[in-house]
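*Asks:* Sharing a structure here in structure tokens format.
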Amino acid sequence: MLALQLAVTGLQTGALYALTAVGFSLIFGSTRIFHFAHGATFAIAAYFFYFVFQAGFGTVPAILGASAGAIAFGLLIYWLVYVPVQRHEGSFFTVFVASFGVGIAVQNLLGMVFGRGFVTVNTSLSRSSEILPGLYVAPLAWVAIACAIVFLGALHLFLRHTHTGMALRALSDNPELVRIFGLSPQRISAIVFVIGSVLVVPAAIITSATTGLNPAIGHHVMLISLAASIVGGIGSVYGTLLAGLILGLAESMALLFVASQWTEAVTFAILFAFILIRPSGLLGRATAH
Amino acid sequence: MTSTTIAHGEPLLQVRNLDKSFGGMKAVDDVTLDLRAGIVTTLVGPNGAGKTTLFNLITGNLARDSGEVEWLGQDIAGGKPHLIARRGIMRTYQDLRLFDSMSVWDNIMSATEYGLLPMPMSSAARHRRKERIEEVLERTGLSDKRDTRALDLAYAERKFLSMARIMATEARLWLLDEPASGLDPNSYERFLKILRDDREAGTTICIIEHNLDIVIGISDRIAFLDRGRLLADAEPDTVLNDPELAKIYFGDQS
Amino acid sequence: MEAYIFNLLNLIAIYGILAVSLNFIIGYAGIYSLAHAVFFGLGAYTSAWVGLNVTPSTFVTIPAAMLVAAIVSLVLALPALRVRGEYFVAASLGLQVIAVTVFSEWKSFTGGIGGVLAIPPVNLFGAEIYQPREFAIVSVIALLIVIAITLALVRSSFGRNLRAIRDSESAAASFGKNVPLIKTVAVVISAALAAVAGALYASFISFINVESFMLDTSVLLMAMVIIGGTGTFLGPLVGAALLLILPSAISYLSFLPQTEIGALQQIIYGLGMTLLMIFRPGGIVGRRSGT
Ligand SMILES: Nc1ncnc2c1ncn2[C@@H]1O[C@H](COP(=O)(O)OP(=O)(O)O)[C@@H](O)[C@H]1O
Ligand SMILES: [Mg+2]
Numbered sequence: 001m002l003a004l005q006l007a008v009t010g011l012q013t014g015a016l017y018a019l020t021a022v023g024f025s026l027i028f029g030s031t032r033i034f035h036f037a038h039g040a041t042f043a044i045a046a047y048f049f050y051f052v053f054q055a056g057f058g059t060v061p062a063i064l065g066a067s068a069g070a071i072a073f074g075l076l077i078y079w080l081v082y083v084p085v086q087r088h089e090g091s092f093f094t095v096f097v098a099s100f101g102v103g104i105a106v107q108n109l110l111g112m113v114f115g116r117g118f119v120t121v122n123t124s125l126s127r128s129s130e131i132l133p134g135l136y137v138a139p140l141a142w143v144a145i146a147c148a149i150v151f152l153g154a155l156h157l158f159l160r161h162t163h164t165g166m167a168l169r170a171l172s173d174n175p176e177l178v179r180i181f182g183l184s185p186q187r188i189s190a191i192v193f194v195i196g197s198v199l200v201v202p203a204a205i206i207t208s209a210t211t212g213l214n215p216a217i218g219h220h221v222m223l224i225s226l227a228a229s230i231v232g233g234i235g236s237v238y239g240t241l242l243a244g245l246i247l248g249l250a251e252s253m254a255l256l257f258v259a260s261q262w263t264e265a266v267t268f269a270i271l272f273a274f275i276l277i278r279p280s281g282l283l284g285r286a287t288a289h
Numbered sequence: 001m002t003s004t005t006i007a008h009g010e011p012l013l014q015v016r017n018l019d020k021s022f023g024g025m026k027a028v029d030d031v032t033l034d035l036r037a038g039i040v041t042t043l044v045g046p047n048g049a050g051k052t053t054l055f056n057l058i059t060g061n062l063a064r065d066s067g068e069v070e071w072l073g074q075d076i077a078g079g080k081p082h083l084i085a086r087r088g089i090m091r092t093y094q095d096l097r098l099f100d101s102m103s104v105w106d107n108i109m110s111a112t113e114y115g116l117l118p119m120p121m122s123s124a125a126r127h128r129r130k131e132r133i134e135e136v137l138e139r140t141g142l143s144d145k146r147d148t149r150a151l152d153l154a155y156a157e158r159k160f161l162s163m164a165r166i167m168a169t170e171a172r173l174w175l176l177d178e179p180a181s182g183l184d185p186n187s188y189e190r191f192l193k194i195l196r197d198d199r200e201a202g203t204t205i206c207i208i209e210h211n212l213d214i215v216i217g218i219s220d221r222i223a224f225l226d227r228g229r230l231l232a233d234a235e236p237d238t239v240l241n242d243p244e245l246a247k248i249y250f251g252d253q254s
Numbered sequence: 001m002e003a004y005i006f007n008l009l010n011l012i013a014i015y016g017i018l019a020v021s022l023n024f025i026i027g028y029a030g031i032y033s034l035a036h037a038v039f040f041g042l043g044a045y046t047s048a049w050v051g052l053n054v055t056p057s058t059f060v061t062i063p064a065a066m067l068v069a070a071i072v073s074l075v076l077a078l079p080a081l082r083v084r085g086e087y088f089v090a091a092s093l094g095l096q097v098i099a100v101t102v103f104s105e106w107k108s109f110t111g112g113i114g115g116v117l118a119i120p121p122v123n124l125f126g127a128e129i130y131q132p133r134e135f136a137i138v139s140v141i142a143l144l145i146v147i148a149i150t151l152a153l154v155r156s157s158f159g160r161n162l163r164a165i166r167d168s169e170s171a172a173a174s175f176g177k178n179v180p181l182i183k184t185v186a187v188v189i190s191a192a193l194a195a196v197a198g199a200l201y202a203s204f205i206s207f208i209n210v211e212s213f214m215l216d217t218s219v220l221l222m223a224m225v226i227i228g229g230t231g232t233f234l235g236p237l238v239g240a241a242l243l244l245i246l247p248s249a250i251s252y253l254s255f256l257p258q259t260e261i262g263a264l265q266q267i268i269y270g271l272g273m274t275l276l277m278i279f280r281p282g283g284i285v286g287r288r289s290g291t
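Residue numbers (full-length UniProt numbering), protein chains in the order written: chain A, 1 to 289; chain B, 1 to 254; chain C, 1 to 291.
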């Protein structure tokens, strides 16, 4: 029964990982921007939700607040940081460092405003109940899984069946091609940042109501997103989705064998194995040396 | 570097039945070819014929599917690129691959040294190396640019730096991948002079060129590659007078 | 006040060693490691263990620290040989995270969360050096030696090999360079030099725990190198001095509670890195732009 319990928890974690990592992977895959501050987007969404909710405005305004925070941050960093950096150099390293710097600043700002301790939002959906003998599941687990299905399903439909979605997929291959769709590459990139940022919102909210938050959560989120997009295959949205689920499950199932402080190590053992044995990832295109 | 002596015109590098395919497409198909000591062999063929791939197989940049590559009678196929290079087979790249952040001088200098730790060198040897680099700079017309970063050079200068790196080494076989493409007539004269002088000095050269007109004057042999297959390997006249080849070759030109 | 100045000087020397050794792989080999604090930590723990259990002689503790860091750095070299860019950043991040877990859990060697106490001071031929002023002589000399070693390497054929590999691995190999070996040696040297800083740190502070060797430290070190200027000789030193003086500068000027100084420092250097990438990617000391 323990294994089943861990599998359900792992599925919940995996669903959240998939949402977050797909956002990162979509941004990196289509704009080639190594958006290290994606973890900061997550933290901002989570703390905005926490703040509005604790202030007593109710769930829906809190969700709106979280979404607004995430979208605003995504757009701002794109226009104020990435566009200027890319204008004159834009090597992998400069973009990474610029993004990294923003991530550090956000983490500490959040710490100064909200304190550095752990906070959790208590909702009626957080409480677990015994649905089978020995199997405790909180309603939020189902919400997490449902969110992943709805959001990633919507993303799939958007990428495959809308004009803008197809332009977006063209972006990474040939930025000039998107002009055929009547859009500028920058416009499309901004849209990608909005979508990528929105995808972390459900994950951020559910995390704040389950495992809880601290300002450094962005690092953990970033680690997972990076690991999932590499294991899934850089630039492959579907591979990342799969990898997010696998990492969540592996992290949880690992508790059968190791103590909880080692679960992050499990994620990285998987990542390391992929980097050494199959750098192109699960669904990535093999790259010639 | 082995200093086995091989008579002029004897095979230095022998390629036997070499095969390489990329996902079902045969890029190099059963190629057998000798590169003979002290002469210039020109490898021609349309775009995508497999010329660069053949170089990559010889230098170990790509792994072959089957076939042999013999250097002075020793099998070197499947060897690591840096070990093959140390035997005296060196190459240039079609896309140059200069050491962009380094100065012209350091680019050339770095081409001549591969030891992990700095080699202890007598001052005489040090002096000889310096002379040699000076001479290479002179011959490639880069003397004034010695302190310029490779990245900041003009197109023709970059092509000559790519040549300069290989000229400074003690390689016995040069594999040059489209070294003359896009050069202006003046640079082109300079380039041909470099080839003539080094052939004179005993270097064996294999040069890939798309455009036969440019290299016909200096070629001792012409190897013709099309869709991975070696269609001819003979004296220039023989190849030029073959109507079949002319059709492929001139067909490609039109 | 005098003790304060010498303390700061010692920290600048120790972090200067770390920044210089990190710059060696970031600036010349293009290996962007977020795991440098791991080797700092390994050096500190190893020298503490040797100092407490074997001999307090610094001529033994420092080489032991270097050896252990050099061996463990092979774990970092492995992915560095296979991949670059975003892949390697992820791998080094992973190594850092795992190392923190190991440092917190391996109680017999690291003392766990509690750390190691009463580490013997620097001991040269039986003379113990623990006064900040005397220690400053040791730490600055160590820094100078590390700078001399890296400068000699960078200016020799080894340095040219590294830069050649960074610019084009395939071309470097085509000129006979053993790319995996050269990269591995660079990583090993960098880690071993970081361990020197770890050993000095442990014997200077006489108490260490995992807090000093976490991701934050790796990030700080990377910030020092980047803000100062990658691939330059003065850059990492300027960066180290600047970022270490920053907290005290803030505490002088500020009306903030003490507890927020660290956060403000991180905000400043975080935004500093971002602004530099926008306006001056070469860093303070580096050349204005890559183009
Ligand atoms: N690393 C590779 N992976 C896949 N296909 C390749 C690779 N290298 C070359 N090719 C293919 O092999 C064929 C021959 O290429 P190449 O040797 O570069 O031709 P050439 O140099 O004669 O113009 C081309 O169709 C090219 O697309
Ligand atoms: Mg070619």
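C-beta: ideal position from N, C-alpha, C; glycine also.
Any residues in the region 50-83 of chain C with a beta carbon nearer than 7 Å to a beta carbon of chain A? Which ones, in chain order?
*Replies:* Those would be 78, 79, 82 and 83, in chain order.
*Asks:* Smallest Cα separation from residue 230 of chain C: which of A:15, A:67 and A:94?
*Replies:* Looking up residue 230 of chain C in the third sequence gives position 230. When each option's Cα is compared against that of residue 230 of chain C, the closest is A:94.
*Asks:* Do residue 18 of chain C and residue 164 of chain C have their beta-carbon atoms positioned less than 8 Å apart in this structure?
*Replies:* Looking up residue 164 of chain C in the third sequence gives position 164. Looking up residue 18 of chain C in the third sequence gives position 18. Their beta carbons are not under 8 Å apart, which means residue 164 of chain C does not touch residue 18 of chain C by this criterion.
*Asks:* In the DSSP output, what is residue 224 of chain B paired with across the bridge?
*Replies:* The sequence position of residue 224 of chain B within the second sequence is 224, counting from 1. DSSP lists B:44 and B:232 as partners of residue 224 of chain B.
*Asks:* What residues in the region 162-188 of chain B have a beta carbon less than 8 Å from any beta carbon of chain C?
*Replies:* Flagged, chain order: 165 and 169.
*Asks:* Hey, is the region 68-86 of chain B in contact with the region 35-47 of chain B, meaning 3+ C-beta pairs nearer than 8 Å?
*Replies:* Taking 8 Å as the limit for Cβ pairs, the verdict is that the region 35-47 of chain B does not touch the region 68-86 of chain B.
*Asks:* DSSP on residue 130 of chain C, reduced to helix/strand/coil?
*Replies:* In the third sequence, residue 130 of chain C corresponds to position 130, counting from 1. Residue 130 of chain C falls in the coil class under three-state DSSP.
*Asks:* What are the boundary residues of the alpha helix (DSSP H) that includes residue 258 of chain C?
*Replies:* For the purposes of this step, residue 258 of chain C is identified with residue 258 of the third sequence, where counting begins at 1. Residue 258 of chain C -> no alpha helix (DSSP H), and no H or E assigned at all.
*Asks:* So residue 196 of chain C contacts chain A; which residues on that side make the cut at Cβ distance below 7 Å?
*Replies:* The sequence position of residue 196 of chain C within the third sequence is 196, counting from 1. Near residue 196 of chain C there are no residues of chain A at all, since even the closest Cβ is about 26 Å away, more than 7 Å.
*Asks:* Compare the C-beta of residue 224 of chain C with all C-beta atoms of chain A and state if any pair is closer than 8 Å.
*Replies:* Taking the first residue of the third sequence as position 1, residue 224 of chain C is located at position 224. No - not a single Cβ of chain A is within 8 Å of the one on residue 224 of chain C.
*Asks:* Report yes if the C-beta of residue 27 of chain B is less than 7 Å from at least one heavy atom of ligand 1; otherwise report no.
*Replies:* Within the second sequence, the letter at position 27 stands for residue 27 of chain B. Because some heavy atom of ligand 1 lies under 7 Å away, the Cβ of residue 27 of chain B counts as near it: yes.
*Asks:* Which residues end up in the neighbourhood of ligand 2 when you take C-beta atoms closer than 7 Å to any of its heavy atoms?
*Replies:* So the residues near ligand 2 by this Cβ test are B:51, B:52, B:94, B:177, B:178 and B:208.
*Asks:* Does ligand 1 have a heavy atom nearer than 7 Å to the CB of residue 49 of chain B?
*Replies:* The count along the second sequence starts at 1 and reaches residue 49 of chain B at position 49. Correct: residue 49 of chain B has its Cβ closer than 7 Å to ligand 1.
*Asks:* What are the partner residues of residue 22 of chain B, as DSSP defines its beta bridges?
*Replies:* Stepping through the second sequence from its first residue, residue 22 of chain B is reached at position 22. DSSP, once it has assigned bridges, lists B:25 as partnering residue 22 of chain B.
*Asks:* Give a yes or no on whether 8 Å exceeds the smallest Cβ distance from residue 221 of chain A to chain C.
*Replies:* Along the first sequence, one-based indexing puts residue 221 of chain A at 221. No, its Cβ sits nowhere closer than 8 Å to a Cβ of chain C.
*Asks:* Tell me the DSSP bridge mates of residue 190 of chain B?
*Replies:* Stepping through the second sequence from its first residue, residue 190 of chain B is reached at position 190. Per DSSP, none; premise fails for residue 190 of chain B.
*Asks:* Does ligand 1 have a heavy atom nearer than 7 Å to the CB of residue 22 of chain B?
*Replies:* Looking up residue 22 of chain B in the second sequence gives position 22. Flag set: Cβ of residue 22 of chain B near ligand 1.
*Asks:* In whole angstroms, what separates the C-alpha of residue 201 of chain C from that of residue 52 of chain A?
*Replies:* Counting from one through the third sequence, the residue named residue 201 of chain C turns up at place 201. Counting from one through the first sequence, the residue named residue 52 of chain A turns up at place 52. When rounded, the distance between both Cα atoms is 45 Å.
*Asks:* Which of the three DSSP states is assigned to residue 174 of chain A in this structure?
*Replies:* By 1-based counting over the first sequence, the position of residue 174 of chain A is 174. It is coil, neither helix nor strand.
*Asks:* Any beta carbon from chain A within less than 8 Å of residue 278 of chain C's own beta carbon?
*Replies:* Indexing the third sequence from 1 puts residue 278 of chain C at position 278. Yes, its Cβ sits closer than 8 Å to a Cβ of chain A.
*Asks:* In whole angstroms, give me the CA-to-CA distance for residue 167 of chain A and residue 155 of chain A.
*Replies:* Walking along the first sequence from the start, residue 167 of chain A turns up at place 167. Walking along the first sequence from the start, residue 155 of chain A turns up at place 155. Using only the alpha carbons, I get a separation of about 14 Å.
*Asks:* Of all the residues that make up the region 191-208 of chain B, which are near chain C by a beta-carbon distance shorter than 9 Å?
*Replies:* Result list empty, no residue passes.
*Asks:* Taking a Cβ distance cut-off of 8 Å, strictly less, list which residues of the region 80-93 of chain A are near chain C, in chain order.
*Replies:* Within the region 80-93 of chain A, the residues whose Cβ lies closer than 8 Å to some Cβ of chain C are 81, 84, 85, 88, 89, 91, 92 and 93, listed in chain order.
*Asks:* What are the partner residues of residue 74 of chain B, as DSSP defines its beta bridges?
*Replies:* Within the second sequence, numbered from 1, the residue matching residue 74 of chain B stands at position 74. B:71.
*Asks:* Under the three-state reduction of DSSP, which class applies to residue 234 of chain A: helix, strand or coil?
*Replies:* What you label residue 234 of chain A is simply residue 234 of the first sequence in a count that begins at 1. In the structure shown, residue 234 of chain A sits in coil (DSSP, three-state: anything other than H, G, I, E or B).
*Asks:* Measuring only between beta-carbons, confirm whether residue 20 of chain C sits less than 8 Å from chain A.
*Replies:* Here residue 20 of chain C refers to the residue found at position 20 when the third sequence is read from its first residue. Chain A contact via Cβ: absent.
*Asks:* Cβ of residue 34 of chain A less than 8 Å from any chain C Cβ?
*Replies:* Mapped onto the first sequence, residue 34 of chain A falls at position 34. With 8 Å as the cut-off, residue 34 of chain A counts as an interface residue toward chain C.
*Asks:* Going by DSSP in three states, residue 14 of chain B sits in which element: helix, strand or coil?
*Replies:* In the second sequence, counting from the first residue as 1, residue 14 of chain B sits at position 14. Three-state result, residue 14 of chain B: strand.
*Asks:* For the region 170-181 of chain C against the region 40-56 of chain C, are there 3 or more C-beta pairs whose distance is under 8 Å?
*Replies:* Counting Cβ pairs under 8 Å, fewer than three are found: no touch.
*Asks:* May I ask you to verify whether the region 259-278 of chain C touches the region 98-116 of chain A, counting CB pairs closer than 8 Å and requiring at least 3?
*Replies:* These segments touch.
*Asks:* I'd like the list of long-range same chain contacts for residue 126 of chain A, defined as Cβ closer than 7 Å, with 5 residues on each side in sequence excluded.
*Replies:* Residue 126 of chain A sits at position 126 when you count from the first residue of the first sequence. The residues are 138, 140, 209 and 210.
*Asks:* Looking at the unbroken beta strand (DSSP E) that takes in residue 180 of chain A, where does it start and where does it end?
*Replies:* For the purposes of this step, residue 180 of chain A is taken as the residue at position 180 of the first sequence. Element bounds for residue 180 of chain A: n/a, residue is neither H nor E.
*Asks:* With DSSP as the reference, please indicate the residues paired to residue 31 of chain B in a beta bridge.
*Replies:* Counting from one through the second sequence, the residue named residue 31 of chain B turns up at place 31. The partner list for residue 31 of chain B (beta bridge, DSSP) reads B:18.
*Asks:* One question on the structure: do residue 225 of chain B and residue 50 of chain B come within less than 8 Å of each other, judged by their Cβ atoms?
*Replies:* Within the second sequence, numbered from 1, the residue matching residue 225 of chain B stands at position 225. Within the second sequence, numbered from 1, the residue matching residue 50 of chain B stands at position 50. Result yes, Cβ atoms of residue 225 of chain B and residue 50 of chain B sit closer than 8 Å.
*Asks:* Can you name the residues of chain A whose CB is closer than 9 Å to the CB of residue 2 of chain C?
*Replies:* To locate residue 2 of chain C, count along the third sequence from 1; it is residue 2. The premise fails here: residue 2 of chain C is roughly 32 Å from chain A at the closest Cβ pair, so nothing lies under 9 Å.
*Asks:* Tell me the DSSP bridge mates of residue 238 of chain B?
*Replies:* Against the second sequence, residue 238 of chain B aligns to sequence position 238. According to DSSP, residue 238 of chain B bridges with nothing at all.
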